[in-house]
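Down below is the structure, laid out as structure tokens.
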Amino acid sequence: MTTPDPRDQHIADLRAALDRARRYLAFAAGLEAAPAPEHSQTLMSEAAHLEQVLARTAPEPTGA
17 MTTPDPRDQH IADLRAALDR ARRYLAFAAG LEAAPAPEHS QTLMSEAAHL
67 EQVLARTAPE PTGA
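Numbering (this note's numbering), first residue to last: 17 to 80.
So this is what it looks like as structure tokens:
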């Protein structure tokens, strides 16, 4: 039996934090759409960047 690597949990925690930040950025962009469209576009761009980072760094699925 192998001991789980604690770094795996740290990575999962970081990924969860990035995902929460991405969702908050997208929500804030929606709030800013009418009063400040330029600001809204910047927020959505950053949310999209976080989504790309999460997709690119997703752990490889393990055969179960």
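Ideal Cβ placement from N, Cα and C applies to all residues, glycine included. Please read all numbers here as calculations on a predicted model, not as lab measurements.
In this structure, the beta-carbon distance from L34 to L59 does not fall below 7 Å. Your pair S56 and A49 checks out as a contact, with CB atoms roughly 5 Å apart and the cut at 8 Å.
Cβ-Cβ distances below 8 Å link V69 to L34 in the same chain, with the five nearest sequence neighbours on each side left out; the list follows chain order.
Within its own chain, the residues whose Cβ lies closer than 7 Å to the Cβ of A45, once the five positions on either side in sequence are excluded, are S56, L59, M60 and A63, listed in chain order.
Taking C-beta atoms under 8 Å as the contact rule, L66 and A28 fail to qualify, at a distance of about 16 Å.
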